[in-house]
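Note that our numbering has the sequence shown beginning at 6, numbered continuously upward.
All C-beta atoms in this analysis are idealised placements derived from N, C-alpha and C, irrespective of residue type, glycine included.
In this text the structure is predicted, and so the values were computed from the model without any measurement.
Accompanying notes for the structure given below.
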Amino acid sequence: MSTPSPALTEEMRQQAIGLESSPFTTDVEKGAIIRFAQAIGDENPIFNDEAEARKSKYGGLVAPPTFLRSMGSYRVALPFELPFDRMLDGGSEWRYFYPVRPGDRITVVARIENINERTGRLGVMIITTTVTTYTNQLDQVVATQTSNGIRY
């Protein structure tokens, strides 16, 4: 019985690790923050009541932490094809550093941190760890998201 060829070679790994998406920049609007808070059912006044938010330690409205998810998902284009067409979200870890405020310009860049091949219940899988960085117009990293994508 022969061992199947790997779907991901060491050369492919080295080509992928460190690749980044094109930066995407968007303006954060007050109405978008309020609508997002309403949509997720978060009644905290710092997210949806400007008068009350001004009394808080933030001095005004800020976006809920999960607001950054509404900015979209950014994938890094691989320089090679993988033989898998199915994908699963393997989970994310978020770190927050500064509040996101109305009027902020947030730039999003995703970078491949690691990519590996494993065999599991689903068979051969490619697991890609991506770090997405959210930076404001003051060049402050407001948050990072480390996520794992599973292709099989």
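- When DSSP reads this structure, residue 101 sits in a beta bridge with 148.
- Secondary structure at residue 14: coil, using DSSP grouped into helix, strand and coil.
- Residue 73 places its beta carbon 8 Å or farther from that of residue 157.
- For residue 121, the secondary structure class from DSSP, reduced to helix, strand or coil, is strand.
- Taken through DSSP and simplified to helix, strand or coil, residue 21 comes out as helix.
- Note on residue 85: under 16 other CB atoms within 10 angstroms of its CB, so exposed under the neighbour-count rule.
- With a beta-carbon spacing of about 13 Å, residue 67 and residue 102 fall beyond the 8 Å limit used to define contacts.
- Here the C-alpha atom of residue 46 lies approximately 29 Å from the C-alpha atom of residue 114.
- Residue pairing for residue 153: DSSP places it in a beta bridge opposite 134.
- Sequence-distant partners of residue 97 (beyond 5 residues in either direction) whose C-beta falls short of 8 Å from its own C-beta, in its chain, are 150, 151, 152 and 153.
- Inclusion of residue 24 and residue 80 in the CB contact set at 8 Å is not warranted, their separation being larger than that value.
- Residue 93 is bridged by DSSP to 155.
- A direct Cα-Cα distance of roughly 46 Å separates residue 106 from residue 11.
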